[in-house]
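Residue numbers (the working numbering): 7 to 591.
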């Protein structure tokens with residue numbers, strides 16, 4: 007139960023809901039006892055009539071009629087209270103579920119990029135959906151039925167003891183055996199529930215990756231192999247679920263057996279006591295039989311609740327694994343100051359933790375506000391890493407990054423990122439309208455500002471060509487658009503954000519040279535007072551930059567402007583000659 011302690015703060019938050027539910031539960035259980043007593047009284051009245059103690063049939067009829075009215079009335083009140091009880095507990099559990107999901111989602115937002123490299127999307131989704139659903143069953147139904155069962159046991163057993171102590175002892179004798187059996191089964195359920203949830207995460211991860219990469223699967227004709235792999239995982243999940251169900255299946259037969267033993271005991275021992283005169287009338291035997299059967303469902307519920315609690319603990323343990331993780335990138339400064347955009351790298355070295363690859367080695371450069379820096383180099387030379395470090399998606403291992411003369415770690419993290427417009431190499435668009443994808447950079451933007459940003463990104467004409475224009479809803483990851491269109495919508499998103507720092511990570515690679523030139527001209531006008539860093543493999547994208555640096559194996563090997571670098575032997579001159587010859591062809 008220690009994993010479920012994390013949820014105590016929610017019980018405290020909704021303590022009045024829980025207290026009200028408890029009071030209503032006690033009242034409801036008390037009212038459920040009255041019908042049994044009235045039935046017992048009716049049985050006693052009939053027995054008295056048979057014995058001749060009541061001679062007038064009209065008197066018997068009036069007593070039975072009166073008892074029937076009381077039975078109906080008590081059942082109606084008990085039903086109404088039970089309805090209110092369920093509403094109270096279930097509503098509270100839904101509110102707790104809402105809070106827990108928000109807590110998990112906010113934690114996901116806090117965690118650093120490295121966390122997402124180590125964990126799969128399907129597993130993250132399973133913990134915030136399936137695992138939380140398991141926990142909600144504990145927060146609502148399990149708590150509700152536990153309180154109901156405990157209240158009913160206390161009230162019923164108290165009445166039974168006051169009525170016939172010895173008969174009560176014999177009737178409840180099987181319960182310790184039931185408790186021991188439940189304990190043993192609970193341990194097995196807990197272990198198997200954990201395995202079931204782990205397999206479910208694997209299934210979710212596999213299907214999520216399959217659907218995301220469906221175009222690759224179809225292109226290579228891998229559908230049969232994918233189906234085969236899914237079948238293996240699915241069969242594994244089925245086997246683990248069957249193992250769990252086999253253990254859970256012992257609960258109800260065991261309880262039915264023990265309840266049957268209790269009923270037999272009531273009839274046998276109670277009958278002997280009636281014959282010996284220890285019990286005055288048969289009505290008490292009828293009441294005890296009804297009490298035992300009333301306890302049948304709560305006793306059965308004990309097994310079901312135990313199963314829920316064990317599954318919830320297994321799920322909460324998986325949730326806690328992520329909730330306890332601290333982000334590697336932390337905000338060390340609450341105060342926000344306006345960022346001008348002056349960036350300086352001083353002897354920066356950085357190694358990726360997950361791969362142990364050193365991406366940058368003793369890098370130093372400076373770019374001032376209003377300037378454009380271009381970065382070129384072969385694949386894996388460390389170009390994208392520089393942009394990620396400027397956005398503090400990672401912290402450096404050695405050296406210092408200065409923003410406006412201050413260490414980047416001394417800036418408010420969220421203010422820093424809000425001052426940056428980042429267009430990644432792999433443009434990501436949401437399954438939403440084109441308008442909303444652009445407005446993601448500025449949710450308060452007007453229609454005119456959206457259109458202006460689209461024009462500056464040279465995508466306005468393409469958007470207007472769609473039947474629904476800016477209201478066109480994109481498929482997952484923007485699959486509705488071509489690669490070049492996705493990149494331009496991403497650029498429009500960065501432009502409308504109006505940041506002080508613009509970072510472009512090879513974001514013009516899928517665009518033809520004519521459109522590229524148009525976008526670059528617009529960007530140079532927009533970024534006159536901004537700091538712009540362009541990562542590219544094209545000379546045409548960087549030739550007008552104020553300064554160009556060439557990276558090789560994480561180190562700066564050349565630096566200068568276009569005119570200077572084409573005069574020097576090296577990567578830039580070779581790339582320029584190659585791309586110039588390709589253009590002439």
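Note that beta-carbon positions come from the ideal geometry of N, C-alpha and C, so glycine has one too.
Put simply, the backbone Cα of residue 314 is about 17 Å away from that of residue 98. Of all alpha-carbon atoms in 557, 14, 574 and 54, the one lying nearest the alpha-carbon of residue 286 is that of 54.
Residue 95 places its beta carbon less than 7 Å from that of residue 146. Residue environment analysis places residue 324 among the buried positions, since at least 16 neighbouring C-beta atoms fall within 10 angstroms of its C-beta. Sequence-distant Cβ neighbours of residue 27 in its own chain, meaning closer than 8 Å and more than five residues away, are 91, 94, 95, 98, 150 and 153. Shortest Cα-Cα distance from residue 48 to any of 19, 215 and 288 involves 288. Fewer than three Cβ pairs drawn from the segment 433–453 and the segment 378–391 lie within less than 8 Å of each other, which leaves the two stretches out of contact.
If you draw a straight line from the Cα of residue 383 to the Cα of residue 541, it is about 9 Å long.
A distance below 7 Å between beta-carbons, with the five flanking residues on each side excluded, links residue 140 to the following residues of its chain, in chain order: 317, 318 and 321. Burial check for residue 522: the Cβ neighbour count within 10 Å reaches 16 or more, so the residue is buried. Nearest neighbour of residue 124 by Cα position, chosen from 135, 211 and 107, turns out to be 211. Sorting 167, 103 and 429 by C-alpha distance to the C-alpha of residue 133 places 103 at the top.
Between the alpha carbons of residue 224 and residue 217 lies a gap of roughly 11 Å. CA-to-CA, the gap between residue 86 and residue 34 works out to about 8 Å.
In this structure, the alpha-carbon of residue 433 lies about 6 Å from that of residue 496. Look at residue 398 here: in three-state DSSP terms it is coil, with no helix or strand label. Here residue 119 has 399 as same chain residues with Cβ atoms under 6 Å from its own Cβ, once five neighbours each way along the sequence are excluded. Using a 10 angstroms sphere on the CB of residue 138, the tally of other CB atoms reaches 16 or more, which defines it as buried. A direct Cα-to-Cα measurement between residue 573 and residue 444 gives close to 41 Å. Rounded to the nearest whole angstrom, the C-alpha separation of residue 371 and residue 551 is 15 Å.
For residue 428, the three-state secondary structure derived from DSSP is strand. Rounded to whole angstroms, the Cβ separation of residue 191 and residue 253 is 6 Å, and the two are in contact under 8 Å. Taking all protein chains shown into account, residue 100 has fewer than 16 neighbouring C-beta atoms within 10 Å of its C-beta and is therefore exposed. Every alpha helix (DSSP H) of 4 residues or more that sits fully in the segment 285–340 is shown, in chain order, as 288–329.
When the Cα atoms are used, residue 22 and residue 29 turn out to be separated by approximately 11 Å. Following the DSSP letters along the chain, one finds residue 381 inside the beta strand (DSSP E) bounded by residues 378–383. Per DSSP, residue 500 is not a residue of any beta strand (DSSP E); the alpha helix (DSSP H) it occupies stretches across 489–503. Considering only 386, 328, 11 and 308, the residue with the shortest C-alpha distance to residue 110 is 328. With fewer than 16 other beta carbons inside 10 angstroms of its own, residue 527 counts as exposed. Taking residue 117 as reference, the option from 508, 330, 32 and 498 with the minimal CA-CA separation is 330. The C-alpha of residue 219 is placed about 18 Å away from the C-alpha of residue 130. Taking C-beta separations shorter than 8 Å and ignoring five residues to either side along the sequence, the partners of residue 20 in its chain run 98, 101 and 102, following chain order.
Check the Cα spacing between residue 276 and each of 295, 263, 265 and 259: the tightest is with 295. The way I'd put it, the segment 478–487 doesn't touch the segment 530–546; fewer than three beta-carbon pairs between them come closer than 8 Å.
The beta carbons of residue 509 and residue 393 sit about 5 Å from each other, so the pair counts as a contact at 8 Å. For residue 506, there is no enclosing alpha helix (DSSP H), as DSSP marks it with neither H nor E.
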